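So the sequence lines, in the order shown, correspond to chains X and P. When we follow this note's numbering, the leftmost residue of the first sequence carries the number 1, and every step to the right adds one. When we follow this note's numbering, the leftmost residue of the second sequence carries the number 1001, and every step to the right adds one. Note that beta-carbon positions come from the ideal geometry of N, C-alpha and C, so glycine has one too. Being a predicted model, the structure only gives us computed values, none of them experimental.
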Amino acid sequence: AQSVTQLGSHVSVSEGALVLLRCNYSSSVPPYLFWYVQYPNQGLQLLLKYTTGATLVKGINGFEAEFKKSETSFHLTKPSAHMSDAAEYFCAVSPNTGGFKTIFGAGTRLFVKA
Amino acid sequence: DAGITQSPRHKVTETGTPVTLRCHQTENHRYMYWYRQDPGHGLRLIHYSYGVKDTDKGEVSDGYSVSRSKTEDFLLTLESATSSQTSVYFCAVGPSNSPLHFGNGTRLTVT
């Protein structure tokens, strides 16, 4: 069985500060991992994904995430927050063996203060 | 862009009435999904389809049914709407080991 835990339903940072959104997962098989972003009144958009290979993954808008198997984590970071980064962020996991069950975390809403 | 259109975008209905939500895609994807989004729960899978007339249940399927008679259309029906089904519903397409592409959602209110 798979599950995803996002630590912190709300995170607030100042503009220019480091963004760190935490995601831990459990999976009985090697997973594929994703971060999605959701702006108000829109669907989810892919930020980045980990499938195989390099464990540090770079995505759009300056975000990156590192897959740490030993810690079962896939935390999302960005060195310097912009006001436009304010949104809700979702971590998701799916098995690399196929199937149809992408599991999403509960989401973290990011607030950026001027 | 997978060209996903959900209709209606907003719906208010009364308890006990049937409601059908439509998802239309233009990219000929085989796999389609219906999720509901609720605060504190993220997105939860209701039903999914892996081909025309091939559908299966997700984790929160009670009270919902789906149909897929054409590749491009995936319908979600609430057989008798209840207040607990007030939510935002998202359609998505794509194989689950690849990024999913989402529609813009349908906000459903059951009074």
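Distance, residue j Cα to residue i Cα
i	j	result
X:Q2	X:S27	4 Å
X:K78	X:L44	19 Å
X:S73	P:Y1064	34 Å
P:S1007	P:H1024	8 Å
X:A106	P:T1071	30 Å
X:K69	X:L76	15 Å
X:K101	X:F34	13 Å
P:R1107	P:Y1089	6 Å
X:L21	P:H1041	17 Å
P:T1111	P:E1079	15 Å
P:L1075	P:C1091	10 Å
P:R1030	X:I103	19 Å
Same chain only: Cβ atoms within 7 Å of residue i, ignoring 5 sequence neighbours per side
i	result
P:E1059	R1044 and L1045
P:V1061	The sequence shown places Ser at residue 1061 of chain P, not Val. The residues are I1046 and H1047.
X:E15	A81, H82, M83, V112, K113 and A114
Residue i in three-state terms, based on DSSP
i	result
X:S28	coil
X:Q2	coil
P:G1051	strand
P:S1083	helix
X:G62	helix
X:G17	Sequence check: residue 17 of chain X is Ala here, not Gly. In the structure shown, X:A17 sits in coil (DSSP, three-state: anything other than H, G, I, E or B).
X:Y50	strand
X:L56	strand
P:K1011	strand
X:K78	strand
P:Y1031	coil
P:T1005	strand
Strand pairing of residue i, partner residues [DSSP]
i	result
X:L110	X:V11 and X:A87
X:K68	X:S73
P:T1077	P:T1020 and P:S1065
X:Y36	X:L46 and X:F90
P:L1108	P:K1011 and P:S1087
Classification of residue i by the beta-carbon crowding that lies within 10 angstroms, buried from 16 upward
i	result
X:F63	buried
X:A92	buried
X:P40	exposed
X:A54	exposed
X:I60	exposed
X:A114	exposed
X:P31	buried
P:R1036	buried
X:D136	Beyond the ends of chain X as shown, which are 1 and 114, falls residue 136 of chain X; an answer cannot be given.
X:V19	buried
P:S1087	buried
X:K58	exposed
P:T1109	exposed
X:T108	buried
P:P1099	buried
Close beta carbons around residue i, own chain, < 6 Å, minus the five adjacent residues each side
i	result
P:D1073	H1024
P:T1026	G1003
heavy atom of the ligand NAD below 6 Å from residue i C-beta
i	result
P:Y1031	What this structure holds is no ligand at all, so the ligand NAD is not there to describe.
Sequence-distant residues of the same chain with beta carbon closer than 8 Å to residue i, five excluded per side
i	result
P:S1069	V1052 and K1053
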